[in-house]
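Everything in the sequence shown is counted per this note's numbering, starting at 216 for the first residue and increasing by one.
Every residue gets a Cβ at the ideal spot worked out from N, C-alpha and C, and that includes glycine.
The structure displayed is predicted, hence computed values, not measured ones.
Structure first, commentary second.
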Amino acid sequence: MDIEGEDISGEDILPLLHRPDGQRLADSLIGAGFYMDDPEAIATIIAVDPRSRAVRVETPGGQSRNLPFASGYVLLTPALVSAIAFLRTPADEERDRMRRKIAAFGFRSKIEDDELPGLLAAVEAAHAYRLPWREERFEGLRLVRKYGSAREEAKLLTAWLEGADDPPPGDMVIALVSALRETGHPIEALARTDLVTRKANGLDRKETCILLTQRGALWLDRYELEHDPEFLDRARQCAKRSWAIEPGEECSMLYNRIRKLEG
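The following block contains the structure:
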């Protein structure tokens, strides 16, 4: 929660209103400015009802109406800042610290309080270029996908794999290839699939099939851009290898795409 800026979201204020001594905060809200989407369209708060999560405001024209408090923003006043600071606890400060670190990595979504430690652990491992233990990275990746985009996923996995032994975990390489491709980095993604060409690659049968189909799809991406028949042939070789190991839907889709491009 940022109480050093010009405004604060109603969503951040609502939980504080339900705490002991929350009435002090409710009183400080009366007379404060409130807006929804347009910071220029400011109304004045005349009543707050924490139970219904509504705020009653009066517009400059003298009209009053009820609005959803959590969907708007309150302009900070000295009295409001003081009331918020009075209600906040060391645990609140710690959550804010975690949110700032996570936001600095690139996350923009509102993160549930109980999932802050897990996501922060994933981010801190990335900052340290350390690959977390298996269960930790599964949980970290779940949270990254829940609250972030492919961009954050690629950034996190790239840093994690910097600290991995050789060969790196196949499932993490597969995830990184997918994220890199989604974020528009096909050349880097293709380079990561080189793992499947190594004899000692550490991949199991399923991982091998997946990485081969990813590699084939990336060769097709290059073919569509450059129309080099060699890229089409490399994609076909990847499909053949994957199908020989274990036929599957992804490989079938790769074959279909090859046939369409062959015309």
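- Judged by DSSP secondary structure, Glu273 falls within the beta strand (DSSP E) whose first and last residues are Ala269 to Glu273.
- Here Ser364 carries a coil assignment [DSSP, helix/strand/coil].
- Contact annotation, Val270 with Phe249: C-beta distance approximately 6 Å; criterion of less than 8 Å satisfied.
- Taking the Cα of Ala298 as reference, the smallest distance to any Cα among Thr373, Ser243 and Cys453 is reached at Ser243.
- In the DSSP assignment, Thr259 falls within the beta strand (DSSP E) that extends over Ala258 to Asp264.
- Counting only residues of its own chain and dropping the five nearest sequence neighbours on each side, Ile257 has a CB closer than 6 Å to the CB of Gly248 and Tyr250.
- Annotation for Ile389: the continuous alpha helix (DSSP H) segment containing it runs Gly385 to Glu397.
- In the three-state DSSP reduction, Gly246 falls in the coil class, being neither helix nor strand.
- The stretch 317-330 and the stretch 352-371 touch, with no fewer than 3 CB-CB distances between them shorter than 8 Å.
- A direct Cα-to-Cα measurement between His233 and Gly333 gives close to 27 Å.
- Note on geometry: alpha-carbon atoms of Ile228 and Asp222 lie some 11 Å from one another.
- DSSP places Asn281 within a strand segment (E or B) once states are collapsed to three.
- Taken through DSSP and simplified to helix, strand or coil, Ile326 comes out as coil.
- Residue pairing by DSSP places Asp222 opposite Leu290 in a beta bridge.
- The beta carbon of Leu335 is closer than 8 Å to those of Met313, Lys316 and Ile317 in its chain, skipping five residues each way along the sequence.
- The beta carbon of Pro401 is closer than 8 Å to those of Leu395, Leu433, Asp436 and Arg437 in its chain, skipping five residues each way along the sequence.
- In the three-state scheme derived from DSSP, where H, G and I count as helix and E and B as strand, Arg312 is classed as helix.
- Val388 places its beta carbon less than 9 Å from that of Leu410.
- Comparing alpha carbon positions, the residue from Ala341, Glu308 and Ala343 closest to Asp328 is Glu308.
- The residues Asp222 and Tyr288, in chain order, have a CB closer than 8 Å to that of Pro254 in the same chain once the five nearest residues on each side in sequence are set aside.
- Between the alpha carbons of Ile260 and Leu331 lies a distance of about 32 Å.
- Under the DSSP assignment, Ala336 falls in the alpha helix (DSSP H) whose first and last residues are Leu331 to His342.
- In this structure, Pro265 keeps its C-beta atom at 9 Å or more from the C-beta atom of Ala294.
- A straight-line Cα-Cα distance of about 23 Å links Tyr344 and Ala415.
- Per the coordinates, the alpha-carbon of Asp419 lies some 33 Å from the alpha-carbon of His442.
- The three-state reading of DSSP puts Trp375 in helix, counting H, G and I together.
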